[in-house]
Every structure is written in structure tokens, then in C-alpha cells.
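Residue numbering for the sequence shown follows my numbering, starting at 554 and increasing by one per position.
Here a beta-carbon is modelled for each residue, glycine too, at the ideal position from N, C-alpha and C.
Report on the structure given below.
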Amino acid sequence: MENFEFCSPTKIYFGKDKENTVGEIIKSYSFKKVLFHYGKSSIFKTGLYEKVVNSLNENNIQFIELGGVEANPDITLVRKGVEICKNEGIDFILAVGGGSVLDSSKSIASGTYYEGNPLDFNMKKAIPKKALPVGSILTIAAAGSELSTSCVISDRSIQFKKGFNSQLNRPLFVIENPELTNTLPFYQVGCGIVDIIAHTLERYFNKSQEIEFADYIAEGLLKSVIDSSEVILKDPYNYDARATLMLASSFSHNGLTNIGKEGKMPVHQLEHEVSALKDHVAHGAGLAVLIPSWMEKVWEKDKEKFKKFALNVMRVTNYEDDEDLIIKGIYRLQDLFVRLDMPTKLSEFGIDEEDIEVMANRLTNNGTVVYDCSFPMDKKLVLDIYYHCL
Numbered sequence: 554m555e556n557f558e559f560c561s562p563t564k565i566y567f568g569k570d571k572e573n574t575v576g577e578i579i580k581s582y583s584f585k586k587v588l589f590h591y592g593k594s595s596i597f598k599t600g601l602y603e604k605v606v607n608s609l610n611e612n613n614i615q616f617i618e619l620g621g622v623e624a625n626p627d628i629t630l631v632r633k634g635v636e637i638c639k640n641e642g643i644d645f646i647l648a649v650g651g652g653s654v655l656d657s658s659k660s661i662a663s664g665t666y667y668e669g670n671p672l673d674f675n676m677k678k679a680i681p682k683k684a685l686p687v688g689s690i691l692t693i694a695a696a697g698s699e700l701s702t703s704c705v706i707s708d709r710s711i712q713f714k715k716g717f718n719s720q721l722n723r724p725l726f727v728i729e730n731p732e733l734t735n736t737l738p739f740y741q742v743g744c745g746i747v748d749i750i751a752h753t754l755e756r757y758f759n760k761s762q763e764i765e766f767a768d769y770i771a772e773g774l775l776k777s778v779i780d781s782s783e784v785i786l787k788d789p790y791n792y793d794a795r796a797t798l799m800l801a802s803s804f805s806h807n808g809l810t811n812i813g814k815e816g817k818m819p820v821h822q823l824e825h826e827v828s829a830l831k832d833h834v835a836h837g838a839g840l841a842v843l844i845p846s847w848m849e850k851v852w853e854k855d856k857e858k859f860k861k862f863a864l865n866v867m868r869v870t871n872y873e874d875d876e877d878l879i880i881k882g883i884y885r886l887q888d889l890f891v892r893l894d895m896p897t898k899l900s901e902f903g904i905d906e907e908d909i910e911v912m913a914n915r916l917t918n919n920g921t922v923v924y925d926c927s928f929p930m931d932k933k934l935v936l937d938i939y940y941h942c943l
């Protein structure tokens, strides 16, 4: 086990109707003026907008609204948020939505104390030194941004999408009511489940010792998500299953499942190039296509770990040999994605061979960079993975 420092300071307010206490929570921190940041129409259709506004007003919290966050949040809206925060003396950002709203809020938070382009942090041109505090009301179990250090932002004008990590990105608190996910389209629920699995699975396959504390946590989290997914497929509004998924979303991406080991995420790097090129692609949908392909191309580099995954997570019991065991584990995972109505090919996103070359060149800087992880990805491996799922 490697040396590490771990801190997950975000306070979780969990349970039914907890969103009604948001004004009281913000007031307890003595914040004076809030940027209320959210997505598009869903917050109005579900009645959540009215609940938030009423709670803020009841607690005499001043606020300015900024809606319009889209999937794969763009830097254009971030810049608008930064301008509002600077001009209006905002001292707190309330993100109401999923990972996209949270990432946009985090970017605004760090950009408020930076004179340059907030995208500089994602381009690794600068490191944030200070950020506004962020709190959230979570509406989808997916990205885990509510507890994570990550902030992923796009610039559609240059087809760019990258994340950066900073302890300043960790939100102050999150309100989690699983019932708020009941109104989501099933496709979004499926995308969220895949994202949770990806955050955990990619960390799991980072280098580890034979006995690794984080691996046992990861296996348990993955099994709980898979079991809850099976319940959701039969009983879509099952509260306990949705509650498990929401908690799993948070703890899959706060660093707990790679504590004491590396936390590299190669499939996420592959997917970021897909949704940077085709911004209509939902992150989870892209991951669902790429995860099985990545696994099939790298399993021979760590047979023992892939055997453990097949046995302990996918619970394969009938197999002929090690290779059959591993392949059956991969196929069981892919079958779950299919039953969650996820795509299986990059071509379903409108991607062709020319696009694959573009994505591979961007990820590897025209073949000059190897992504450093347990199974290092050079341009050849990147191309193999992309072509395998075309």
C-alpha cells in the first residue's frame, strides 16, 4: 500500500424531503449572497425549483440565478457565472442538478479568484489558489462530483474536454434525496449507473498488492451497484435501490476506492475524446461502449486481477479455464449495460474511422504521449480499443 493523505470533508444531508432544508443549511454557514446554478427545464417540471426558491426566501438568503447548464458543460456559461460572481459579490454557489451542474459550479468557483481563462485549469496551464464554496442538491446518481476533487469542462469551439483535480473542488455539502431521481428518463438512469461503475472499476484495476483495502471496498461497491441495478430494472422506483445508487455515486469518486493506491482512469480519458468530438454523447453512454472494449484489450496484462473481478464482482461460477472465466465476466458486465439500454458501438454516435484517428491523435498528442496507468496506453492501444468498438 502506498503512502497517502485522505480527506473527504463534504457533509451529506441524506433522505426524503431534505431539499426543503437548503435555505436553513446555507443560513447556518452565514453566507449572504448565493449564485443559484442549475440546468434547463427539468428543475421546473419536477417542482424542485419552487422548493429551492421558497427555502431560500424563507431564510432571507439573497440569490441570483444562472440556469442553462448542458451535458458536457461548456466554458461559455462558466465565464458568465464568473462575471456574475465578481460583479455581484457572490459568496456561495448552490448547484442544483447532476455532475454537469456541479462541474460548471466548481469551474465558476475557482474562476472567480482567477484573472485568466478558467479553462486554464483544465488545460493544465494554471493551478487554482482559491475558490468560492460550493454546495449542491443532487438530482441524479452518476458522476460523483458531489464529493470529488474533479472538475471536467468542455470548450465546444475547439472540441476540447478535460478535467482537473484540486481539493478546492470538493463541495462544502450535498443534499441527497433519492426520490429526486424518480423523474429521470430511464436512459439517464442507465448512464448514471455506468458512470458509477466506471469510477470504481477503473480504480480497481490500478496496480495493487495481493491484499488491498481499497480493492475490497471497490468490490463491495460494485456488487451493490450491480444488485441495485437489477432491482431498478424490475422495480424502477424502488427507494432503497435508488438510495444505494446515490450513495454509491458519491463514494465511487471521493477517493475511497483507491485509497493507498493509484487512481488513474484510462477509460475516462478515452471517453472524454469521444464526447469532446461529439458533444451530444452522454458520458455514461460513451463509457458503456468503451469499458468492455478496454477490458478485452488489456486483460492479459493482469490475469489475476481480472479473474478476481469475474469471480468476486460478476460472480461467474461456470467456466472452463481462466480465459473463459475472464471473458464471461466481461460479457456479463456488457450484458448489464445492454439491459440498461446503453449503446454498444461508437458508430451509434456517428463516429467513423476518420474520427477515431482524430481522437487517438488528441489523446496521445499525435503518438508522442503514453497515458501512464497500470496498462499504459500508447497510440496503438488507443486505436485498438477505439476500432474494436466501432
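I need the DSSP call for residue i, collapsed to helix, strand or coil.
| i | result |
| --- | --- |
| Cys704 | strand |
| Met867 | coil |
| Gln615 | strand |
| Val575 | helix |
| Tyr667 | coil |
| Ala648 | strand |
| Asp905 | coil |
| Asp875 | helix |
| Phe928 | coil |
| Tyr582 | coil |
| Ile883 | helix |
| Phe567 | strand |
| Asp894 | coil |
| Asp780 | helix |
| Met676 | coil |
| Ile661 | helix |
| Pro681 | coil |
| Leu889 | helix |
| Pro731 | helix |
| Thr917 | helix |
| Gln762 | coil |
| Val911 | helix |
| Leu737 | coil |
| Gly634 | helix |
| Thr599 | coil |
Go through its chain and collect everything with a Cβ distance to residue i's Cβ below 7 angstroms, but skip five positions before and after it.
| i | result |
| --- | --- |
| Asn718 | Thr702, Ser703 |
| Asp908 | Leu830 |
| Ala695 | Gly651, Gly652, Cys744, Gly745, Asp748, Ile749, Ser802, Gly837 |
| Val834 | Val827, Ser828, Phe902 |
| Glu824 | His836, Gly839, Leu840, Leu843 |
| Ser781 | Ala794, Thr797, Leu798 |
| Ala662 | Ile646, Ala684, Leu685, Val687 |
| Lys932 | Ala913, Thr917, Gly920 |
| Gly716 | Asn675, Ser703, Cys704, Val705 |
| Ala771 | Thr753, Arg756, Tyr757, Thr810 |
| Ile637 | Leu588, Ile617, Leu619, Ile643 |
Give the DSSP bridge partners of residue i, in chain order.
| i | result |
| --- | --- |
| Met848 | Answer is none; Met848 lacks a bridge partner. |
| Val747 | For Val747, which the question treats as bridged, DSSP gives no partner whatsoever. |
| Met554 | Answer is none; Met554 lacks a bridge partner. |
| Val587 | Phe616, Phe645 |
| Phe627 | The amino acid occupying residue 627 in the given sequence is Asp; Phe does not appear at that position. In DSSP, Asp627 forms a bridge with Ser707. |
For residue i, I'd like the list of residues in its chain whose CB is within less than 6 angstroms of its CB, leaving aside the five on either flank, ordered along the chain.
| i | result |
| --- | --- |
| Ser689 | Ala648, Leu655, Glu699, Pro724, Val727 |
| Thr736 | Thr599 |
| Val784 | Asn791, Ala794 |
| Leu775 | Thr753, Val866 |
| Phe859 | Trp852, Ile879 |
| Phe584 | Asp644, Phe645 |
| Val923 | Pro929, Asp931 |
| Asp627 | Ser707, Arg709 |
| Trp847 | Val820, Ile938 |
| Leu691 | Glu699, Val727, Glu729 |
| Glu572 | Lys604, Ile690, Ile728, Asn730 |
Please check the pair residue i and residue j, which I expect to be a contact at CB under 8 angstroms, by giving their CB distance rounded to whole angstroms.
| i | j | result |
| --- | --- | --- |
| Ile879 | Ala863 | 5 angstroms |
| Leu943 | Leu899 | 5 angstroms |
| Ala796 | Pro731 | 4 angstroms |
| Lys586 | Gly634 | That pair is no contact at about 14 angstroms. |
| Val631 | His590 | Contact doesn't hold; Cβ gap of about 10 angstroms is too wide. |
| Ile614 | Gly568 | So it is not a contact: roughly 22 angstroms between Cβ atoms. |
| Val869 | Lys881 | 5 angstroms |
| Thr734 | Ile693 | 6 angstroms |
| Lys580 | Asn612 | 4 angstroms |
Leaving out five residues before and five after residue i in sequence, what residues of the same chain have Cβ atoms less than 8 angstroms from its Cβ?
| i | result |
| --- | --- |
| Gln762 | Met554 |
| Asn759 | Asn811, Lys814, Glu815, Gly816, Lys817, Cys926, Ser927 |
| Lys850 | Leu934, Asp937, Ile938, His941 |
| Pro896 | Ala838, Ala841, Val842, Phe902 |
| Asp894 | Phe739, Tyr740, Gly743 |
| Gly808 | Phe559, Ser561, Ser701, Thr702, Gly816 |
Using beta carbons (cut-off 7 angstroms, strictly below), is residue i in contact with chain C?
| i | result |
| --- | --- |
| Thr897 | This model lacks chain C altogether; it includes just one protein chain. |
With a threshold of 6 angstroms, establish whether the CB of residue i neighbours any heavy atom of the ligand MG.
| i | result |
| --- | --- |
| Leu737 | As presented, the structure is devoid of all ligands, the ligand MG included, so that no description of it is given. |
Considering only residues of the stretch 684-729, which uninterrupted beta strand (DSSP E) runs meet the minimum length of 3 residues and lie entirely inside it, listed in chain order? 687-691, 703-708, 713-718, 726-729
Identify every run of the alpha helix (DSSP H) within the stretch 786-850, keeping only runs that are complete inside it and at least 4 residues long; order them along the chain. 792-804, 819-830
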